[in-house]
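Enquirer: Residue numbers (the numbering used here), protein chains in the order written: chain V, 1305 to 1549; chain D, 55 to 383.
Here it is, the structure in full.
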């Protein structure tokens, strides 16, 4: 456990050692700010329109985190492997799983920081609309964002363990996340098992049709948690497998 | 401390290491010699638990490297060949990070101790990416020492260092080797000669020779080469030396030196000196060329490749006196 925390801390700090954390921060908050400004202006112009926070949060998930999660996770394990530091960590008393979970946690904490800072917007909005914003909805949306980010980060870390090259890892995890997002669309035209499967696998369905609408659903929560745990498990296995080559 | 029995590692169809057996005791510095691709790094990776062997057993401090990997890792400090470092971290941050992975108590104190040991105290706050190759090497060494390991495994620890640093690092290794077990690989043979108590020469994954550097020299080469320089007619002097029956061979080399060989137990130097001086020559220089590890190494590895002969000795670490040549199969 201590090792997970040590690795997570190091990982979290390493984002701030390079420009990447600041670039992502600037891009996310600048575009959120622009979006928020448009929302407010539109609301002021057309009194019938009430700006809602979930639109903003949806914008965080898609496209902002869709791109920045693979960008940050691509290097997590692929770089360790390429620089040989993997050899260093895995000959220290660190279990493979501790490394993978630590890497995931460090990256996830970075995104949670961004999500945390974004709370400013609902607070501002709360003052501007009457009778204030729907708190339950707000909590549900935020929980949904946290869960979907956890899953996406885990997928990114897992793919980074598979690919030795960070760029390959970036493209692969971007691809997987996009496919998992859109996979429910063709499901509408299918019947039977594949339809159920595609709908079940879809990140979109479990986010947009539940947390986004303000409901906290246990099935969806379990879906995201299992999409977090399974990639991390798989990533651990991949690192283990490398030894047996 | 280190016990390796029948270690074999197969990559696909290639045997990286085959049937390697050796051991190392506490307070011993073991040198691991071999040409590129001999299996040195593979063996070290197996010893540190990074990759498992195909067959054979390895125990360190009584713990099996596969079954009790975590215990082994606590005992071992390892510096990989490529000296992997997190270049975006500062030296002290990096060492603190590695120290906390090893659960070192009072990490900060320990970091300053190892930094002092490797002579990097004044660069503690520098980013690793700003350091020279030699300094990185020393940071890597500090990392291997951070948890005061009982066993130190160093893959080519002096590569990239300048001569002064090499001497310092060798001193440091010798210091550590007094109480701990050190296994180091190198292809600088003089280094092995200087600091190792025992040398293992491996080639194509097989143990070719194992002995103390002195014994290897003594047992493998049964002639002593002497170089003589005289003023005046070297050819005439050569004739005088040639006339001595105990001298096995003598000739003039391209620098005008007389070279002769005799059996080590039958040292002809006093006799040659007297004869030359009484014949009116001025003796300018006389020195023996003790056959160095380079030659032993080349001979052994070449032999192994061409005739299938191999050199092995008893595995008793304390009593490695005999070096015998045995024909394989």
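Built from N, CA and C at the ideal position, the CB exists for glycine as well.
Relative to the alpha-carbon of residue 136 of chain D, which residue among D:244, D:172, D:99 has its alpha-carbon at the smallest distance?
Expert: The residue with the shortest Cα to Cα distance from residue 136 of chain D is D:99.
Enquirer: Along chain V, in chain order, which residues have C-beta atoms closer than 8 Å to that of residue 211 of chain D?
Expert: Those do not exist, as residue 211 of chain D stays about 15 Å from chain V at its closest Cβ, beyond 8 Å.
Enquirer: What residue does the alpha helix (DSSP H) around residue 1526 of chain V start on, and which one ends it?
Expert: From DSSP, the alpha helix (DSSP H) with residue 1526 of chain V extends over 1522-1547.
Enquirer: Between residue 1478 of chain V and chain D, is any beta-carbon pair separated by less than 8 Å?
Expert: For residue 1478 of chain V, the answer is no, since every Cβ of chain D falls outside 8 Å of its Cβ.
Enquirer: Look at the alpha carbon of residue 300 of chain D and the alpha carbon of residue 315 of chain D, and state the distance between them as a whole number of angstroms.
Expert: In a straight line, the C-alpha of residue 300 of chain D is about 9 Å away from that of residue 315 of chain D.
Enquirer: Would you grab the beta carbon distance between residue 109 of chain D and residue 75 of chain D for me? Rounded to a whole angstrom, and I think it's under 8 Å.
Expert: Not quite, the Cβ-Cβ distance comes to about 12 Å (not below 8 Å), so this is no contact.
Enquirer: What does the alpha-carbon distance come out to for the pair residue 360 of chain D and residue 93 of chain D?
Expert: Bear in mind that a pLDDT of 49 at residue 360 of chain D, under 50, signals an unreliable position, so the model cannot answer this.
Enquirer: According to DSSP, is residue 178 of chain D part of a helix, a strand, or is it coil?
Expert: Correct three-state label for residue 178 of chain D: coil.
Enquirer: Smallest Cα separation from residue 180 of chain D: which of D:251, D:154, D:59, D:149?
Expert: Nearest option by C-alpha distance: D:149.
Enquirer: Tell whether a beta-carbon distance below 8 Å holds between residue 236 of chain D and residue 84 of chain D.
Expert: Yes, the pair counts as a contact, with Cβ atoms nearer than the cut-off.
Enquirer: Distance check for residue 90 of chain D and residue 96 of chain D, CA to CA, integer angstroms please.
Expert: Roughly 11 Å between the two C-alpha positions.
Enquirer: For residue 338 of chain D, does the count of other Cβ atoms within 10 angstroms reach 16, so buried, or fall short, so exposed?
Expert: The residue in question, residue 338 of chain D, is exposed, as its Cβ has fewer than 16 Cβ neighbours within 10 Å.
Enquirer: Take every Cβ of the region 1340-1351 of chain V, pair it with every Cβ of the region 1438-1450 of chain V, and state whether three or more of those distances are shorter than 8 Å.
Expert: Judged by Cβ distances under 8 Å, the region 1340-1351 of chain V makes no contact with the region 1438-1450 of chain V, as fewer than three pairs qualify.
Enquirer: So residue 1318 of chain V contacts chain D; which residues on that side make the cut at Cβ distance below 9 Å?
Expert: By Cβ distance, chain D contributes 140, 142, 143.
Enquirer: Whose Cβ in chain V lies nearer than 7 Å to the Cβ of residue 317 of chain D?
Expert: Correct list: empty, because the minimum Cβ distance to chain V is about 49 Å.
Enquirer: Any beta-carbon of chain V closer than 8 Å to the one on residue 340 of chain D?
Expert: No, because no Cβ of chain V sits closer than 8 Å to the Cβ of residue 340 of chain D.
Enquirer: For residue 1500 of chain V, count neighbouring C-beta atoms within 10 Å of its own C-beta (all shown protein chains included) and say buried if the count is 16 or more, exposed if not.
Expert: Classification of residue 1500 of chain V: exposed, given that the 10 Å Cβ count is below 16.
Enquirer: Taking Cβ positions only, does residue 1393 of chain V come closer than 8 Å to chain D?
Expert: With 8 Å as the cut-off, residue 1393 of chain V counts as an interface residue toward chain D.
Enquirer: If we ignore side chains and look at the alpha-carbon of each, how far apart do residue 1405 of chain V and residue 174 of chain D end up?
Expert: Roughly 33 Å separates the two Cα atoms.
Enquirer: If we ignore side chains and look at the alpha-carbon of each, how far apart do residue 59 of chain D and residue 69 of chain D end up?
Expert: Approximately 16 Å, taken between the alpha carbons.
Enquirer: Between the alpha carbons of residue 1450 of chain V and residue 1540 of chain V, how many angstroms are there, rounded?
Expert: Distance between the alpha carbons of residue 1450 of chain V and residue 1540 of chain V: 23 Å.
Enquirer: Along the region 94-116 of chain D, what residues have a CB closer than 9 Å to any CB found in chain V?
Expert: Residues 99, 102, 103, 104, 105, 106.
Enquirer: Is the CB-CB distance between residue 230 of chain D and residue 211 of chain D below 8 Å?
Expert: Going by C-beta atoms, residue 230 of chain D is not nearer than 8 Å to residue 211 of chain D.
Enquirer: Can you find a C-beta in chain D that's less than 8 Å from the C-beta of residue 1363 of chain V?
Expert: Not closer than 8 Å to any Cβ of chain D, the Cβ of residue 1363 of chain V fails to qualify, so no.
Enquirer: Tell me, which residues are paired with residue 278 of chain D by DSSP?
Expert: According to DSSP, residue 278 of chain D bridges with D:316.
Enquirer: Exposed or buried, which one is residue 184 of chain D when buried takes at least 16 other CB atoms within 10 Å?
Expert: Exposed, because fewer than 16 other Cβ atoms sit within 10 Å of the Cβ of residue 184 of chain D.
Enquirer: Beta strand (DSSP E) containing residue 264 of chain D: first to last residue?
Expert: Counting along the chain, the beta strand (DSSP E) containing residue 264 of chain D begins and ends at 260-265.
Enquirer: At 3 residues or longer, what runs of the beta strand (DSSP E) sit wholly inside the region 188-260 of chain D?
Expert: Complete beta strand (DSSP E) runs here, min 3: 205-209, 235-240, 252-257.
Enquirer: Using only CA atoms, which one of D:297, D:197, D:306 lies nearest to residue 325 of chain D?
Expert: Selected option, being the one with the closest Cα: D:297.
Enquirer: For residue 259 of chain D, does the count of other Cβ atoms within 10 angstroms reach 16, so buried, or fall short, so exposed?
Expert: By the neighbour-count rule (16 or more Cβ atoms within 10 Å), residue 259 of chain D is buried.
Enquirer: Under the DSSP definition of a beta bridge, which residues are partnered with residue 111 of chain D?
Expert: Paired residue(s): D:59.
Enquirer: I want to see whether chain D comes within less than 8 Å of residue 1603 of chain V, judged by CB atoms only; does it?
Expert: This structure cannot settle anything about residue 1603 of chain V, because the visible part of chain V is limited to 1305 through 1549.
Enquirer: For residue 1528 of chain V, which of V:1431, V:1490, V:1387, V:1455 has the nearest alpha-carbon?
Expert: Here the closest residue by C-alpha is V:1455.
Enquirer: Are residue 218 of chain D and residue 132 of chain D close, meaning C-beta to C-beta below 8 Å?
Expert: Not a contact, by the Cβ cut-off of 8 Å.
Enquirer: Assess contact between the region 286-297 of chain D and the region 113-132 of chain D, defined as three or more Cβ pairs (one per stretch) separated by less than 8 Å. Is contact present?
Expert: No, they do not touch.
Enquirer: By the criterion of Cβ-Cβ separation under 8 Å, what are the contact partners of residue 192 of chain D in chain V?
Expert: Chain V residues near residue 192 of chain D: none, gap ~15 Å exceeds 8 Å.
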